[in-house]
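Down below is the structure, laid out as structure tokens.
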Amino acid sequence: MKRNLAVYATLALAAMLAAGWAWAARVGERAPDFTATDSNGKTHTLSEYAGKYVVLEWTNRDCPFTKKHYASGNMQQLQREWTGRGIIWLTVASSAPGAQGYVTAAQENEYLKETGAAPSAVLLDPTGQLGHLYDAKTTPHMFVINPQGTLIYDGAIDDRPTTDLGDVKGARNYVSLALEEAMAGKSVGVPTSRPYGCSVKYGN
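All residue numbers for the sequence shown refer to this note's numbering, where the first residue is 473 and numbers rise by one.
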């Protein structure tokens, strides 16, 4: 019996490794590398951005929590501010085909124009592989990776878990705080927080 359990455990671990889930990102550890294609057909890897800060933003254009940050202009302002300071900002769309928030490349590029969004790129992840690799749970769910490739922040965009546009003003933005502190050579005061928003619409 014990031998059978050991065999099943080994097989389960192998399956997790094959799926990439056993290597889910953890704060304080090296962020897992990935390869993903953006809405313009360009391939991106995390390793190509070694030496730079990288922000990962999980998105779902139909989620009211995501809409809050785009309708208010908050997400676009953050994208412009930080990419202007040399940060790589990668928005990730992990909704599966047929699920809420799924977009084609053309649809996403049109959305970027309509909203004035300014990420470095939007990575299309309809299989959910990248989302599972980082254990992205909600939209938005934010991650910050330092120039050494270490994950230094994982969690909510701010401390106002509502859909109210008025709550954007005066919110404590955890992403900006993490970047400001890290760039100043300080430890990140809030390295993790509970992400809020709609669940990422992964396929079965």
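For glycine and all other residues, C-beta sits at the position ideal for the given N, C-alpha and C.
The structure displayed is predicted, hence computed values, not measured ones.
Between the options, which has its C-alpha nearest residue i's C-alpha?
{"i": "residue 521", "options": "592, 612, 574, 542", "result": "592"}
{"i": "residue 594", "options": "499, 508, 502, 500", "result": "508"}
{"i": "residue 571", "options": "550, 657, 599, 616", "result": "599"}
{"i": "residue 611", "options": "621, 620, 634", "result": "634"}
{"i": "residue 500", "options": "542, 622, 662, 607", "result": "622"}
{"i": "residue 663", "options": "647, 673, 625, 675", "result": "625"}
{"i": "residue 660", "options": "556, 645, 669", "result": "645"}
{"i": "residue 680", "options": "538, 506, 597, 498", "result": "The requested residue 680 is not part of the displayed model; the chain covers only 473 to 676."}
{"i": "residue 675", "options": "601, 537, 527, 636", "result": "601"}
{"i": "residue 553", "options": "671, 651, 673, 672", "result": "651"}
{"i": "residue 607", "options": "541, 530, 543, 643", "result": "530"}
{"i": "residue 544", "options": "636, 671, 557", "result": "636"}
{"i": "residue 546", "options": "643, 528, 498", "result": "643"}
{"i": "residue 638", "options": "556, 583, 542, 526", "result": "542"}
{"i": "residue 540", "options": "665, 632, 671", "result": "632"}
Within 10 angstroms of its Cβ, does residue i collect 16 or more other Cβ (buried), or is it exposed?
{"i": "residue 566", "result": "buried"}
{"i": "residue 630", "result": "buried"}
{"i": "residue 667", "result": "buried"}
{"i": "residue 658", "result": "exposed"}
{"i": "residue 585", "result": "exposed"}
{"i": "residue 641", "result": "exposed"}
{"i": "residue 588", "result": "exposed"}
{"i": "residue 533", "result": "buried"}
{"i": "residue 620", "result": "exposed"}
{"i": "residue 669", "result": "buried"}
Would residue i and residue j be called neighbours here (beta carbons separated by less than 9 Å)?
{"i": "residue 613", "j": "residue 628", "result": "yes"}
{"i": "residue 609", "j": "residue 560", "result": "no"}
{"i": "residue 496", "j": "residue 615", "result": "no"}
{"i": "residue 656", "j": "residue 618", "result": "no"}
{"i": "residue 578", "j": "residue 548", "result": "no"}
{"i": "residue 648", "j": "residue 581", "result": "no"}
{"i": "residue 516", "j": "residue 550", "result": "no"}
{"i": "residue 538", "j": "residue 513", "result": "no"}
{"i": "residue 528", "j": "residue 575", "result": "no"}
Kindly indicate which three-state DSSP category residue i falls into: helix, strand or coil?
{"i": "residue 679", "result": "Here the chain comprises residues numbered 473 to 676, so residue 679 is not present and cannot be evaluated."}
{"i": "residue 587", "result": "helix"}
{"i": "residue 485", "result": "Caution applies to residue 485, whose pLDDT of 37 falls short of 50 and renders its modelled position unreliable; the value that the coordinates give is listed next. In the structure shown, residue 485 sits in a helix (DSSP, three-state: H, G or I)."}
Less than 9 Å between CB atoms is the rule here; does residue i satisfy it with respect to chain D?
{"i": "residue 500", "result": "Looking at the structure shown, chain D is missing, and only one protein chain is on hand."}
#### Entry: Complete runs of the beta strand (DSSP E) confined to the segment 601 to 670 [at least 3 residues]
Runs found: 614 to 617, 623 to 627.
### Segments assigned beta strand (DSSP E), at least 3 residues, entirely inside the segment 509 to 576
Every beta strand (DSSP E) of 3 residues or more that sits fully in the segment 509 to 576 is shown, in chain order, as 515 to 517, 526 to 531, 560 to 565.
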